[in-house]
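Sequence positions in the sequence shown follow my numbering and run 73 to 518.
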Amino acid sequence: MNLAPENATVKQALSAHAAIGLVAGALLYLVSLSGAVAVFYQEWQRIEQPNAPEMSAISPAAVQRAVEAVMASEKGKPPTTHLYVHLPVAPLPRATITTDTQAVHVDASGRIAGAEQIAWSDFLVALHYTLNLPAIWGLTIVGGLGVMMLALSLSGVVAHPRIFRDAFRLRARDKGGIGLADWHNRLSVWTLPFTVAIAFTGALIGVAYVTAFGVATTSYGGDLEAVYAPIFGEEGKPDKTAAPAPDVAAALGYMRQHYPQAELTYVTLHDPGTAGQHIQVLGEHQRRLIFGEYYTFDGAGKFHGVAGLADGSLGQQAAASNYRLHFGNFGGLPIKLAYLVFGLVLTAICATGTYIWLGKRERRGVEQPRLRSLWDAVVWGSPLMLAVTFIARKLLGNDAPLAAIFWIGMAALLVSAWIVTTRDTLAKWLRGALVASLVLVLAMIW
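So this is what it looks like as structure tokens:
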């Protein structure tokens with residue numbers, strides 16, 4: 073009895089296998105592309121909402137007035153569990169207060185100036201961070217993609233023994249796939265430290281969240297903050313008894329007097345308006361990779377201590393350094409520009425890797441025009457849809473359904489790619505549409 077599958081079954085299985093690989097490659101490409109663009113998250117906010125009030129600094133008294141004004145505006149609503157004050161910093165010189173239900177800009181005197189409207193910037197970060205999925209699902213997938221990128225980077229080096237020896241040998245115009253392979257390999261070598269750092273930190277962020285979620289579910293009754301408490305500081309003991317607004321001005325005044333070297337970036341109020349409220353002030357430390365140190369105060373503004381991110385255990389310091397290393401928000405504009413360039417190169421590496429694979433199959437006589445057309449839709453359609461969502465945000469306003477526009481648009485492009493399989497036909501159209509959309513984006517910005 074012959075148990076071997078029929079040839080048709082084998083071909084179908086191989087096609088399914090290739091399609092799964094294409095999906096994984098597409099997600100990796102999309103995460104790389106969105107990450108490169110999201111490096112300028114703060115700058116995008118200023119572009120998206122150019123008329124918000126800006127200032128180089130805001131006084132503690134003005135912050136206090138702003139906090140009290142926002143808390144007063146929420147009377148009669150479900151109490152917010154956290155209130156965040158973004159303090160003006162050089163890349164984003166704005167003061168913004170966010171609660172569980174709203175986000176508003178305030179001016180230098182502490183008056184509410186209007187709603188924060190940065191839907192596209194937030195959509196972009198969510199696309200990179202979670203693929204616009206619920207956090208646990210999105211971070212699981214994106215963390216897995218980080219692991220895959222790390223494995224591809226290291227295995228690519230092992231699989232090409234001459235890869236470093238040939239680092240500057242480039243046959244850019246050779247036919248038969250050699251030129252494209254050389255570009256892929258050279259770019260991979262030149263950006264290897266960046267790729268490994270990005271892949272490792274991205275995988276760590278995703279895997280750490282999934283692990284923390286599992287520990288919280290099994291051991292802390294779903295309390296995720298309790299899992300993170302040994303690293304980032306503990307929540308205070310809740311007491312829902314009503315209380316006046318916390319004395320944020322006192323906390324900021326203490327920071328100015330005792331920690332003048334810390335650049336204050338955020339104030340977090342836990343359970344504001346209750347007897348159990350407390351304050352955390354986040355301060356950046358110059359020439360350190362950590363995103364900052366948390367300074368904790370009670371509701372009256374009395375200093376209680378620090379979380380230990382700056383001088384605690386090595387594990388704490390490493391955890392606090394992971395985010396800035398991944399997102400490139402250290403070292404100012406030069407580092408951001410470097411992350412943009414390297415991120416776009418990494419995106420090109422993802423794109424060319426699949427084109428090389430498709431080319432090898434075609435040279436062996438395995439023609440799969442539909443797969444090539446689908447990959448064209450991913451490579452050129454993804455940046456096109458990012459541009460389309462920005463245009464939609466400008467035309468339709470802050471409430472435009474950007475995630476739906478992006479994913480429905482991508483689905484439509486993939487359906488078109490399934491139908492239009494003539495080589496390069498769809499790719500040429502998408503490239504033209506991308507150029508036109510980018511011109512329109514620039515016109516809207518300027």
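For glycine and all other residues, C-beta sits at the position ideal for the given N, C-alpha and C. These numbers come from a predicted model, not from an experiment.
{"query": "GLN329 - DSSP class collapsed to helix/strand/coil", "result": "helix"}
{"query": "Closest Cα partner of ALA98 within the set ALA505, PHE478 and VAL451", "result": "VAL451"}
{"query": "Neighbourhood of THR461 by C-beta, 6 Å cutoff - its chain only, sequence neighbours within 5 removed", "result": "LEU474, ILE477 and PHE478"}
{"query": "The stretch 164-176 contacting the stretch 199-218, beta-carbon criterion three pairs below 8 Å", "result": "no"}
{"query": "Same chain, Cβ closer than 6 Å to GLU335, five either side skipped, listed in chain order", "result": "GLU356"}
{"query": "For HIS350, the first and last residue of its enclosing alpha helix (DSSP H)", "result": "HIS350 -> not in any alpha helix (DSSP H); beta strand (DSSP E) instead, spanning 350-356."}
{"query": "Distance, ILE463 Cα to LEU456 Cα", "result": "11 Å"}
{"query": "Helix, strand or coil at LEU224 according to DSSP, with G and I counted as helix", "result": "helix"}
{"query": "Own chain partners of TYR292 with C-beta closer than 8 Å, once the 5 adjacent residues on each side are dropped", "result": "ALA298 and VAL299"}
{"query": "Runs of alpha helix (DSSP H) wholly within the stretch 386-429 (minimum 4 residues, chain order)", "result": "386-399"}
{"query": "Cβ pair count under 8 Å reaching 3, the stretch 182-194 against the stretch 372-384", "result": "no"}
{"query": "Option nearest SER128 by Cα separation, candidates HIS158, PRO151, MET143 and VAL417", "result": "HIS158"}
{"query": "Sufficient close CB pairs (3 or more, under 8 Å) joining the stretch 408-424 to the stretch 104-121", "result": "yes"}
{"query": "Which listed residue (LEU486, LEU485, ALA459 and ALA484) has its alpha carbon closest to that of VAL507", "result": "ALA459"}
{"query": "Identity of the residues DSSP links to ALA573 by a beta bridge", "result": "In this structure the chain extends from 73 to 518, so residue 573 is not present and cannot be described."}
{"query": "Residue burial classification, MET73 (beta-carbon count within 10 angstroms, cutoff 16)", "result": "Residue placement at MET73 cannot be trusted, given a pLDDT of 45 that sits under 50; the coordinates are not used to answer."}
{"query": "C-alpha distance - PHE384 paired with GLY325, whole-angstrom precision", "result": "Before going further, note that residue 384 is Gly rather than Phe in the sequence given. Going from the Cα of GLY384 to the Cα of GLY325 covers about 25 Å."}
{"query": "Local Cβ density within 10 Å of ALA484, reported as buried at 16 or more and exposed below that", "result": "exposed"}
{"query": "Alpha-carbon to alpha-carbon, SER454 and MET482", "result": "7 Å"}
{"query": "Status (buried if at least 16 other CB within 10 Å, exposed otherwise) for GLN121", "result": "buried"}
{"query": "ILE362 (DSSP reduced to helix, strand or coil)", "result": "coil"}
{"query": "Contact check, THR313 vs TYR101, beta carbons under 8 Å", "result": "no"}
{"query": "DSSP-derived helix/strand/coil call for PHE266", "result": "helix"}
{"query": "Bounding residues of the alpha helix (DSSP H) (the contiguous stretch that carries GLY481)", "result": "474-491"}
{"query": "Residue range of the alpha helix (DSSP H) that includes PHE112", "result": "Looking at the DSSP string, PHE112 is not in any alpha helix (DSSP H), and its letter there is neither H nor E."}
{"query": "Per-residue DSSP class, three states only, for LEU56", "result": "There is simply no residue 56 to check, as the chain begins at 73 and stops at 518 in what is shown."}
{"query": "Three-state secondary structure (DSSP) of VAL438", "result": "coil"}
{"query": "Burial state of LEU75, where buried means 16 or more other Cβ atoms lie within 10 Å", "result": "Bear in mind that the predicted position of LEU75 carries a pLDDT of just 48, short of 50, making it too unreliable to give a figure here."}
{"query": "Coarse secondary structure for ILE120, derived from DSSP in three states", "result": "The sequence shown places Glu at residue 120, rather than the Ile named in the question. Helix."}
{"query": "Length of the line joining the Cα atoms of SER193 and ARG436", "result": "44 Å"}
{"query": "Assigned secondary structure, ALA141 (DSSP; H/G/I helix, E/B strand, else coil)", "result": "helix"}
{"query": "Inter-residue spacing [alpha-carbon to alpha-carbon] between ILE119 and MET143", "result": "28 Å"}
{"query": "Spatial neighbours of PHE402 in its chain, beta-carbon cut-off 7 Å, leaving aside the 5 residues before and after", "result": "LEU361 and ARG396"}
{"query": "DSSP bridge partner residues for VAL157 (one or two, in chain order)", "result": "ILE169 and VAL339"}
{"query": "Secondary structure of HIS376, DSSP reduced to three states", "result": "strand"}
{"query": "ALA167 at chain B interface by Cβ criterion, 8 Å", "result": "You won't find chain B in this structure, because it holds only one protein chain."}
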